[in-house]
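Counting from 108, one number per residue, gives the positions in the sequence shown under the numbering used here. Even for Gly, the Cβ is constructed at its ideal location relative to N, Cα and C.
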Amino acid sequence: MRIAIILIPPNTNAYEFTNADNRAAYIAMGNSIPGIAGSIAPLIGGWLAGAISYQAMFIIAAVIGTASWALLRFAVREPRKISLASI
108 MRIAIILIPP
118 NTNAYEFTNA
128 DNRAAYIAMG
138 NSIPGIAGSI
148 APLIGGWLAG
158 AISYQAMFII
168 AAVIGTASWA
178 LLRFAVREPR
188 KISLASI
């Protein structure tokens, strides 16, 4: 049950932002890319923490997280509020 709850949000986003023709590809990418990033991120993070400093990694993570939030907040339009005329 826990795994089903974790997997629902990426698939829901694919339904919201894609049309039926591209939906399968977006769901496949949405399920594959986090696995790749999850296997590479600890290697890069460990290397950067050794090269820079451990505390700097937290600052970098905060900057990236804030930039990601700002991008989603201000650049991505809510698909349920877009009229069909503007598509």
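message = For A144 and K188, what's the separation of their Cα atoms in angstroms?
response = 31 Å
Range covered by the alpha helix (DSSP H) that runs through R180 = Y161 to A182
E185, DSSP secondary structure in three states = coil
task = Return the first residue and the last residue of the alpha helix (DSSP H) that A127 is part of.
result = It is not in any alpha helix (DSSP H) - A127 carries neither H nor E in the DSSP assignment.
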